[in-house]
Every structure is written in C-alpha cells, then in structure tokens.
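Number of protein chains: 2
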Amino acid sequence: MSDTRRRFLGKLSFGFGAAAAAQSLFVADRRAGAAEPSGRKLGFALVGLGKLSGGQLAPALQKTEHCRLTGLVSGSPEKARQWAQQYGVPEKNIYSYDTFDRIKDNPDIDVVYVVLPNSMHAEYTIRAAQAGKHVLCEKPMAVSVKECDEMIAASRAAGRQLAIGYRLHFEPYNLEMVRLAREKVFGGLKIIEATVGFAIGDPSQWRLRKALSGGGSLVDLGIYALQAARCIAGEEPIAVSAQAGLTDPVKFREVEESILFDLKFASGVVASCASSYAAVINRYRAAAERGWFELAPAMNYHGIRGRSSDRDGVKDLQFPDVDQFAAEMDAFADCIQNGRPTTVPGEEGRRDVRIITAIYEAAATGKAVAL
Amino acid sequence: MSDTRRRFLGKLSFGFGAAAAAQSLFVADRRAGAAEPSGRKLGFALVGLGKLSGGQLAPALQKTEHCRLTGLVSGSPEKARQWAQQYGVPEKNIYSYDTFDRIKDNPDIDVVYVVLPNSMHAEYTIRAAQAGKHVLCEKPMAVSVKECDEMIAASRAAGRQLAIGYRLHFEPYNLEMVRLAREKVFGGLKIIEATVGFAIGDPSQWRLRKALSGGGSLVDLGIYALQAARCIAGEEPIAVSAQAGLTDPVKFREVEESILFDLKFASGVVASCASSYAAVINRYRAAAERGWFELAPAMNYHGIRGRSSDRDGVKDLQFPDVDQFAAEMDAFADCIQNGRPTTVPGEEGRRDVRIITAIYEAAATGKAVAL
Chain L
1 MSDTRRRFLG
11 KLSFGFGAAA
21 AAQSLFVADR
31 RAGAAEPSGR
41 KLGFALVGLG
51 KLSGGQLAPA
61 LQKTEHCRLT
71 GLVSGSPEKA
81 RQWAQQYGVP
91 EKNIYSYDTF
101 DRIKDNPDID
111 VVYVVLPNSM
121 HAEYTIRAAQ
131 AGKHVLCEKP
141 MAVSVKECDE
151 MIAASRAAGR
161 QLAIGYRLHF
171 EPYNLEMVRL
181 AREKVFGGLK
191 IIEATVGFAI
201 GDPSQWRLRK
211 ALSGGGSLVD
221 LGIYALQAAR
231 CIAGEEPIAV
241 SAQAGLTDPV
251 KFREVEESIL
261 FDLKFASGVV
271 ASCASSYAAV
281 INRYRAAAER
291 GWFELAPAMN
301 YHGIRGRSSD
311 RDGVKDLQFP
321 DVDQFAAEMD
331 AFADCIQNGR
341 PTTVPGEEGR
351 RDVRIITAIY
361 EAAATGKAVA
371 L
Chain Y
1001 MSDTRRRFLG
1011 KLSFGFGAAA
1021 AAQSLFVADR
1031 RAGAAEPSGR
1041 KLGFALVGLG
1051 KLSGGQLAPA
1061 LQKTEHCRLT
1071 GLVSGSPEKA
1081 RQWAQQYGVP
1091 EKNIYSYDTF
1101 DRIKDNPDID
1111 VVYVVLPNSM
1121 HAEYTIRAAQ
1131 AGKHVLCEKP
1141 MAVSVKECDE
1151 MIAASRAAGR
1161 QLAIGYRLHF
1171 EPYNLEMVRL
1181 AREKVFGGLK
1191 IIEATVGFAI
1201 GDPSQWRLRK
1211 ALSGGGSLVD
1221 LGIYALQAAR
1231 CIAGEEPIAV
1241 SAQAGLTDPV
1251 KFREVEESIL
1261 FDLKFASGVV
1271 ASCASSYAAV
1281 INRYRAAAER
1291 GWFELAPAMN
1301 YHGIRGRSSD
1311 RDGVKDLQFP
1321 DVDQFAAEMD
1331 AFADCIQNGR
1341 PTTVPGEEGR
1351 RDVRIITAIY
1361 EAAATGKAVA
1371 L
C-alpha cells in the first residue's frame, strides 16, 4: 500500500469508517489535482498518543496540505498498532520510548511532534533533534528555562528547526486581535485583559501531578493568556506581579488551581491576566483610546467569537473557523520545505517559560518580579 | 409658596419647564394620594453643585418617595440662585462654604449630601455632623483612613448617621450578582473579575489634580471594582498586589491613569480588578464551580446588562432599570426615619479607603500588601 493510499485510507477511516470503494477515486482525484507545492508531504511522527493526539492532531494531519502522519511513538504497543491500522501508518514506523532514537534511520519521518506531559518535552525534543528531525513541541515548551536552552541548542546543533505548538498563531480571530493592535485601528493600546480557564475533570490526570506537568493552570492555560498579552501588546513585559487562588486544596495539592498575573510593558500598557483549573474564564480584550476589541471565547479549538466597539457601536468580527492544528502543522512544513524559520520558534517558547517562572516567583514571594 | 409646592414646581420645572396650570393639580393629587410613610419627607442639601449634582442627584431627588431637595451649598451664588429657582429651594436655604455651618439652625435640612472633590469630603462631612445633620457622602469616602476615622467619630458624636454614596448597592443587577454568589446558585465561587474605566475628557478637571482627588482612576472608578469584588466574594481581602499603567504622562502627571489590582480572599477566591481613565473597561464577572454570571456594562447609571451561564447555556438577567441615586437616597431616608442603620455606613467606606491605600502601596513598592 503506497503512502498516498495510506494517507487517504486514514482520512476515510477517520471520517467515515472503512469505505474501500471510494478510496481509489479519492486518491486518483488527489493525484490529478493540486500538486504538492514543494515536492512530497512531510512525514510527522506523533510522540504520545493521548487525548490531544487522538482528538485533534491525527485528524488535523488528515486535513493538512503539506503533512502526513507517518510515525507513532507510544508506550502502549496495542494502542500504537490500533492507531497504525486506523491511520495507515506502517508497523515499521511504530516506536516505543525505548526504541525512539532509531527514528533517525527512518526517512519517512521528517518532523517529530512532541505531545507528552510537559516534563518530558525537553528529553524527547532533544532526542528527536539528535536523530536529525525537526521538532514541533506542544506548549509549554518545557518546565524550566534551562531545559528550553538545551532544546534550542540541540535543534541548532542538528541543523533542524524547533517550533512550539502555539496553534492560535494560525487562528484568524487571534491574528485579527494582533492586527487591530499593531495598526492602532482603535488608537493606542491601554489595557489588555486575558483570562483562560475551565473546571478540570479527572483528579488523577498527569496535569495535576507537578512532576509531570511542571505546574497547574498557568503552564497549561495561563500560557495562552500570556501569549495573547504579549502578542497584542507587541512588546515584552518588564515586570509581573501575581496572586494564586486556591479553594480546593485536595484536588490542587501539587499544582496551582488559579493564578492572577499582571504584566507591565515598557510603553506603560498593562495586562491583567488569569488562568484557572476551577472555573470557566475565556476572553482576550484590548482596550484602546477610541474603542476595544475582544475575543470570547478566545482560545477554543472551534467557535471563537470576536467583537469590536467604537463610537459607532459594537460589531461582530467575522472570520472562518479553521482547523488550527492543521494550519499550525502546514505552516511549519512550509517553513521547513522553503528553508524559512518558523514564526513560533523555541526562542518564543522560552520567553513564555521565563515569564511563567517569574509569575510563580511573584506569587510565592508576594513581590513583583522585574523581567 | 409651601415646601410641597416648591417640591412639585421643581419637579415640573425639571421635567417639562414651567407649567403653572398643571402645578396645583399635581400637588392636589399628591396630597390626596399616598401618605408619606413616616411623616414628612427628609430635606436634603446638596453640597457642591457640579455635574453629578446637576445631572443626577437633583433630578433623582424629584423621583424619591422620602426625600426632597431643600438646601444648596455652592461657592457660586449665581449658580445657587439659578438652582434654587429651578428646584424651588428657598433663598434662605442657600449656603456658601463660608456660611455652611449655619445649616445647623435650619430645620428644613435633615441630610447633607457631600458631592465635593474627594479631598473635601472629610471637612464637610465633619462640619455637617457637627451641625447635627445626617450625612450622605459620595465615594470615595475620603483620601485617607485617618480622615475616615474622623468622619465616623464626628457622626457618632453627633448621634447622626453617615452613609457613603454606593449607588450600586441599590441597583437590581448588582444585587443579583451578590445573591447568585451568596446563594451559590452556580456552586462555590472561584474567580471574580471586575474592571471599570473610561477615557477621561477635560485635562483640567479636578479629578486629575491629586490635591483635590487624592488619586486617579482607582479612587474614582476602581472603587466600584473593589466594591464589586468584596460584595460578590462576601468576605474581606487578605492581600493585594498591583501594577500601575501609564501611557500618557502629560495628562496623568499627578494621578494614576490605569491600575491593575489582584485581591486574595481567605477562602482562596481571587479577584482580578482594574480601573482606567484611558480606555473603556466595564464588567463584573464571577466564575463559579458550575457556571458564571456577569454584568457588562456593570456600573453605568442606566443600561446595565447581565448574563449567566451554566451547562444549559447563557441566559440574560432581567431587572428593571432604576434611578440608582433615588433608590440610594430613599433607602437612607428610610433608615433615618425608622432608626435603622444604613447598609452603606462610614465603616464600609473606610474599608475601601484602607484597601485603596494598600493598592497604592503595592503598586509603588512592587510588594503584595497584607490586609
């Protein structure tokens, strides 16, 4: 079975179950249709076959223009075999965490997408780079700035790109917020509000174990608020203060439940941010001289809504609902194929990890931390 | 002309201009109609005939059940005469700031409503109490905790009540926010967001002169966010951190432009608050276990809108749009007439001034302040 067949088999399997009769038609259509702009599609290996990989990334790969799912890395041989069958990945492209380094000998795999618990990002990014692969690593990039430095160094030494999975950099509403700020459509920026949270479920999940997650709502959700604040402000914060909130010390005995953090930028713009694992908060808002613009919900996979307001009233923003992960992976593939640097490099991930470290320090000490 | 006539003349003049033919009819109707529950209406003197008095308080007094405008205190004799004519206040009930203390000999005046720049609240509250009058003082109560203590002591010594002009305590949407929190309609509270701001106009106004205002957006607008956070939380903050924002150092050379402040409560609930004189922000939101409830706009004189959300979706809150100032004054009159303490006493105003002082300290020092 050719790679192309497998790709489409996977697509059909996911969308409609097995539909053998239609396969050749789809493949034929595709072959006759748009050429792959820079030659072959890039092969992606997913490292960690959890909820994000299964619910979002594998399906998104089927929708990409420049990528295909060619490798699977899992601690569960059974799960990997099941996925291989579903997505048409050859058995030889299945790896365990022990055999992972052999990926260097596999030309089917160009990009390793690290979707592991946060504390494992550094190790697998570095091993993937050492195996000569480009790496797309989920956010947060790592659990310390030192790890970020090591990841950047490893990718650089290997001559490979390292991108962080900031999907909202490829989401039209989020991009519009940045444009409205950059072009001063409502005048100079004054205050940014960015809050992200939900009530987390299963108390046994790795996100609540500090050794695996490196932190609570801040590293998982607050990082979106931080990204929003930095991207909308278009500058780096110079100071941060923070307050942690805790109403359920049983569930949140290792990582923070909620955290408020306030950023100050050199321009005098301030950003009021929050994250929570205890309740729903989900909005980015920029208040400028002559109006405001906001997204609410701001960071969902689908269904983002935006509004702007000035003296003429409130207007809905209207953009297509895209597959953010497909857009993210296609953008990375495009950069690799055309030798351009990614817009979300390890250096960008490192900036957030550095600020997150400062936020934790500010919350713990009660002192604003200069950045 | 009797006080009753004057009252209704005033009402008609404000609403419809002079309409002498209709006056006696209205007066007769009123006299024949609902009795004034606890005897006569209480006479209010407005101290300071600025925008709030002219645009809100004098009109609101015409709508009250238990109050009437009987006194005017102004530095401008001409303005006072004009008001006296418009609202049917006798010339003998006009005072200047120099003659103000003679108000003690005037039985027409039961309550002095202090509507002066913030730094003058203490002096006129104390002088009014010493003149034997109940006092309703606009927020912020004063510019220091020491002043608050002196105001409370003066009213207590005089055996008179002191209330602070927290109009939103008498506004149905704001009351509903507190009820939803208190009754845990959406489960336990987790995070409060409260932000209030607008772009301030005239750069020469007293609000931007620290000697008159005592502070910038925080004392004028942030105090609403602080009130919202405290009332929704239903407890007192134990710590606060803050960051000031400044993008226009020419306009805001004496007082703060924007300020973010984060409150932590003993329960572990946190409140993310902000105020601004530079941009429109105007929302209170409470995020709880099973849903959220919010007002946006939250603190306008009219047109407040509210929503709540749980698994069943988002619902609009529906309450009447009331005259908040009329409700505030009627409630105070009712307390006075029935010998019950006001729900918004000087002690409540003092709590806010104390926290505001801590917020300024936190912003200036970069250190969270324990309360």
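Protein chains in written order, with this note's numbering: chain L, 1 to 371; chain Y, 1001 to 1371.
Virtual Cβ for every residue (Gly too), placed ideally from N, Cα, C.
Please list the partners that residue i has in chain Y, where partner means a Cβ-to-Cβ separation under 8 Å.
i        : result
L/ILE281 : ILE1191, GLU1193, ARG1285, ALA1287 and TRP1292
L/ALA239 : GLN1243 and GLY1366
L/SER399 : Not covered by the structure: residue 399 of chain L. The range shown for chain L is 1 to 371.
Starting from residue i, find everything on chain Y with Cβ-Cβ shorter than 7 Å and list it in chain order.
i        : result
L/ARG321 : It should be pointed out that residue 321 of chain L corresponds to Asp in this sequence rather than to Arg. By Cβ distance, chain Y contributes nothing, its closest Cβ being about 19 Å from L/ASP321, past 7 Å.
L/SER144 : By Cβ distance, chain Y contributes nothing, its closest Cβ being about 24 Å from L/SER144, past 7 Å.
L/ALA225 : Simply none; closest approach about 11 Å.
L/ALA432 : The first residue shown for chain L is 1 and the last is 371, placing residue 432 of chain L beyond what the model contains.
Quick one: using the 10 Å Cβ neighbour count with 16 as the cut-off for buried, is residue i buried or exposed?
i         : result
Y/GLU1235 : exposed
L/LYS146  : exposed
L/ASP352  : buried
Y/GLY1303 : exposed
Y/SER1373 : This structure does not reach residue 1373 of chain Y, given that chain Y is present from 1001 up to 1371, and the question cannot be answered.
Y/GLN1161 : buried
Y/GLU1397 : Outside the modelled stretch of chain Y, which goes from 1001 to 1371, sits residue 1397 of chain Y, for which no answer is possible.
Y/LYS1315 : exposed
Y/VAL1250 : exposed
L/ARG230  : buried
Y/ALA1034 : With a pLDDT of only 32 at Y/ALA1034, under 50, the local geometry of the prediction cannot be trusted, and no value is derived from it.
L/SER76   : exposed
Y/ASN1338 : exposed
L/ASP98   : exposed
Y/LYS1133 : buried
Y/ILE1238 : exposed
Kindly list, in the order they appear in chain Y, the residues whose Cβ is closer than 9 Å to that of residue i.
i        : result
L/LYS264 : GLN1243, ALA1244, GLY1245 and LEU1260
L/ALA157 : Under the 9 Å cutoff, chain Y gives no residues; its nearest Cβ is about 39 Å from L/ALA157.
L/ALA45  : Near L/ALA45 there are no residues of chain Y at all, since even the closest Cβ is about 38 Å away, more than 9 Å.
L/ALA211 : In chain order: nothing, as chain Y lies at least about 24 Å away.
Along the chain, where does the alpha helix (DSSP H) that runs through residue i open and close?
i         : result
Y/GLU1347 : 1346-1365
Y/HIS1121 : 1121-1130
Y/ASP1330 : 1324-1338
Y/GLU1294 : That residue, Y/GLU1294, is in no alpha helix (DSSP H); its beta strand (DSSP E) goes 1291-1295.
L/LYS41   : It is not in any alpha helix (DSSP H) - L/LYS41 carries neither H nor E in the DSSP assignment.
L/PRO59   : 58-63
Can you pull the chain L neighbours of residue i, defined as C-beta to C-beta under 7 Å?
i         : result
Y/GLY1188 : THR247
Y/ALA1199 : GLU289
Y/VAL1255 : Result: empty, since nearest Cβ-Cβ is about 14 Å, beyond 7 Å.
Y/VAL1270 : GLN243, GLY245, SER258 and LEU260
Y/ALA1274 : ILE191 and SER272
Y/ALA1154 : What Y/ALA1154 touches in chain L: nothing, since even the nearest Cβ is about 36 Å away.
Mind checking which residues open and close the beta strand (DSSP E) that includes residue i?
i         : result
L/LYS79   : Where L/LYS79 is concerned, there is no enclosing beta strand (DSSP E), although the alpha helix (DSSP H) it sits in stretches over 77-87.
Y/ALA1278 : 1278-1288
L/LYS315  : 313-317
Y/LEU1072 : 1067-1073
Y/LEU1263 : 1258-1265
Y/LEU1136 : 1134-1137
L/ASP101  : Where L/ASP101 is concerned, there is no enclosing beta strand (DSSP E), given that its DSSP letter is neither H nor E.
Y/SER1309 : 1306-1310
L/TYR113  : 111-114
Identify the contact partners of residue i in chain L, using a Cβ-Cβ distance below 8 Å as the criterion.
i         : result
Y/ALA1163 : None at all; the shortest Cβ gap to chain L is about 31 Å.
Can you list the residues of chain B that residue i reaches, using a CB-CB cut of under 8 Å?
i         : result
Y/ALA1358 : Of the protein chains in the structure, L and Y, none is chain B.
Along the chain, which unbroken stretches of the beta strand (DSSP E) at least 3 residues long are found entirely within the segment 1158-1237 of chain Y?
Correct list: 1162-1164 and 1189-1199.
Got a sec: which bits of the segment 1067-1096 of chain Y sit with their beta carbon under 8 Å from any beta carbon on chain L, in order along the chain?
Cβ contacts with chain L: none found.
Using a Cβ-Cβ cut-off of less than 8 Å, give me the residues of the segment 1306-1333 of chain Y that come near chain L, in sequence order.
Among the residues of the segment 1306-1333 of chain Y, those with a Cβ less than 8 Å away from any Cβ of chain L are SER1309, in the order of the chain.
Just by C-beta distance, which residues in the segment 128-140 of chain L are closer than 9 Å to chain Y?
When CB distances to chain Y are screened at a threshold of 9 Å, not a single residue of the segment 128-140 of chain L falls below it.
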